[in-house]
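Here is the structure we will look at, set down as structure tokens.
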Amino acid sequence: MNKSDRIRVLCVDDHPLVRDGIAFALQAERDMELVAEATNGREAVAAFRQQRPDVTLMDLQMPQMNGIEAILAIRKEFPRARIVVLTTYSGDVQATRALEAGAVGYLLKSMLRTELIDTIRGVHAGQRRIPREIADEIAEHIGADALSARETEVLRVVASGCSNKIVADRLAISEETVKGHIKSVLAKLCANDRTHAVMIAMKRGFLDA
1 MNKSDRIRVL
11 CVDDHPLVRD
21 GIAFALQAER
31 DMELVAEATN
41 GREAVAAFRQ
51 QRPDVTLMDL
61 QMPQMNGIEA
71 ILAIRKEFPR
81 ARIVVLTTYS
91 GDVQATRALE
101 AGAVGYLLKS
111 MLRTELIDTI
121 RGVHAGQRRI
131 PREIADEIAE
141 HIGADALSAR
151 ETEVLRVVAS
161 GCSNKIVADR
171 LAISEETVKG
181 HIKSVLAKLC
191 ANDRTHAVMI
201 AMKRGFLDA
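Numbered by full-length UniProt numbering, the letters in the sequence shown go through residues 1 to 209 in order.
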């Protein structure tokens, strides 16, 4: 196969072990070539401009500029860019944000060993590749009320074990306002209590970690 016929891949991830694993996997494929690596979103945008890869593998949680921001920046400049999200998160919130930003594939890092190569080939051929479990999560929560930015902020402080009074002090709002936000969060997430709400929010991806 001519070098010009290979699928040119850009890998973006801040963990060296992930990048090394992907590089090793691509070396074994005659129809693929790793043309560049990046460790954050800013590097990703610069690398894409320089290399114009056929397929980009994009982590979501990175320093300086996260994956969603990088996808938006790349797609604004290069609308035909084909980007596959790499993530440890199976929640519907992160997946929906990534797809809305313009990603055409979504791949859990736990699936890299079995799904990486087929996903790259499929996306390069014009397909959208969303794992069944992610698609099911998205479908399950279609039409559900999303948490507002403030509700997410309140829940993130609650998740660190803080009382309503401490949450109020940290966010410079009244304790009654905190209680109102928490009541709304419980209703939107169908949660029994604060702890349950945090667990649901983490699973679905409202909270990054």
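All C-beta atoms in this analysis are idealised placements derived from N, C-alpha and C, irrespective of residue type, glycine included. Since the structure is predicted, the reported quantities are computational estimates derived from the model, not experimental observations.
Checklist entry - How should residue 126 be labelled, buried or exposed, when 16 other C-beta atoms within 10 angstroms of its C-beta is the threshold for buried? => result In the sequence shown, counting from the first residue as 1, residue 126 sits at position 126. With fewer than 16 Cβ atoms within 10 Å of its Cβ, residue 126 is classed as exposed.
Checklist entry - Rounded C-beta distance between residue 133 and residue 90? I'm assuming under 8 Å. => result Working through the sequence shown from its first residue, we reach residue 133 at position 133. Working through the sequence shown from its first residue, we reach residue 90 at position 90. Yes, residue 133 and residue 90 are in contact; Cβ-Cβ is about 6 Å, under 8 Å.
Checklist entry - Per DSSP, what kind of secondary structure is residue 132 in: helix, strand or coil? => result Here residue 132 corresponds to residue number 132 of the sequence shown, with the count starting at 1. Helix at residue 132.
Next on the checklist: Alpha carbons only, please: which of 158, 8, 21 is nearest the one belonging to residue 111?
Outcome noted: The sequence position of residue 111 within the sequence shown is 111, counting from 1. Selected option, being the one with the closest Cα: 21.
Item to check | Where residue 169 sits in the DSSP three-state scheme | outcome: For the purposes of this step, residue 169 is taken as residue 169 along the sequence shown, with counting starting at 1. Here residue 169 sits in helix by DSSP.
Checklist entry - Since residue 205 contacts residue 92 with CB under 8 Å, what's their CB separation in whole angstroms? => result Here residue 205 refers to the residue found at position 205 when the sequence shown is read from its first residue. Here residue 92 refers to the residue found at position 92 when the sequence shown is read from its first residue. Sure, about 7 Å apart at Cβ, within 8 Å.
Checklist entry - DSSP puts residue 59 in a beta bridge; with which residues? => result Counting from 1 along the sequence shown, the entry for residue 59 is found at position 59. Paired residue(s): 86.
Checklist entry - alpha helix (DSSP H) containing residue 204: first to last residue? => result Numbered from 1 along the sequence shown, position 204 holds the residue referred to as residue 204. Segment 194-204, the alpha helix (DSSP H) holding residue 204.
Item to check | Residue nearest to residue 9 in terms of C-alpha spacing, selected from 149, 160, 120 | outcome: For the purposes of this step, residue 9 is taken as residue 9 along the sequence shown, with counting starting at 1. Looking at the Cα atoms, 120 is the closest of the given residues.
Next on the checklist: On the criterion of 16 or more Cβ atoms from any shown chain inside 10 Å, does residue 207 qualify as buried, or is it exposed?
Outcome noted: Locating residue 207 in the sequence shown gives position 207, counting from the first residue. So residue 207 ends up on the buried side.
Next on the checklist: Quick check on the burial criterion: 16 or more other C-beta atoms within 10 angstroms. Buried or exposed for residue 164?
Outcome noted: Numbered from its first residue, the sequence shown carries residue 164 at position 164. That one is buried.
Checklist entry - Hey, out of 124, 146, 147, 114, whose CA is closest to residue 131's CA? => result Within the sequence shown, residue 131 is the residue found at index 131, counting from 1. Selected option, being the one with the closest Cα: 114.
Next on the checklist: Quick check on residue 43: buried or exposed, where buried means 16 or more other Cβ atoms within 10 Å of its Cβ?
Outcome noted: One-based indexing of the sequence shown puts residue 43 at position 43. Buried: at least 16 other Cβ atoms inside 10 Å.
Checklist entry - Under a three-way DSSP split, which group does residue 5 fall into? => result Your numbering for residue 5 matches position 5 in the sequence shown. Here residue 5 sits in helix by DSSP.
Next on the checklist: Comparing C-alpha positions only, which one of 48, 27, 75 sits nearest to residue 103?
Outcome noted: Numbered from 1 along the sequence shown, position 103 holds the residue referred to as residue 103. That would be 75, whose Cα lies nearest to the Cα of residue 103.
Checklist entry - With a CB to CB cut of under 6 Å and the five nearest residues on each side skipped, what residues in its chain are close to residue 128? => result The residue given as residue 128 occupies position 128 in the sequence shown. Cβ neighbours of residue 128 beyond the five flanking positions: 104.
Checklist entry - According to DSSP, what are the bridge partners of residue 274? => result Given a span of 1 to 209 for the chain in the structure shown, any question on residue 274 remains unanswerable.
Checklist entry - Which of the three DSSP states, helix, strand or coil, is assigned to residue 44? => result Residue 44 sits at position 44 when you count from the first residue of the sequence shown. Reduced to three states, the DSSP call for residue 44 is helix.
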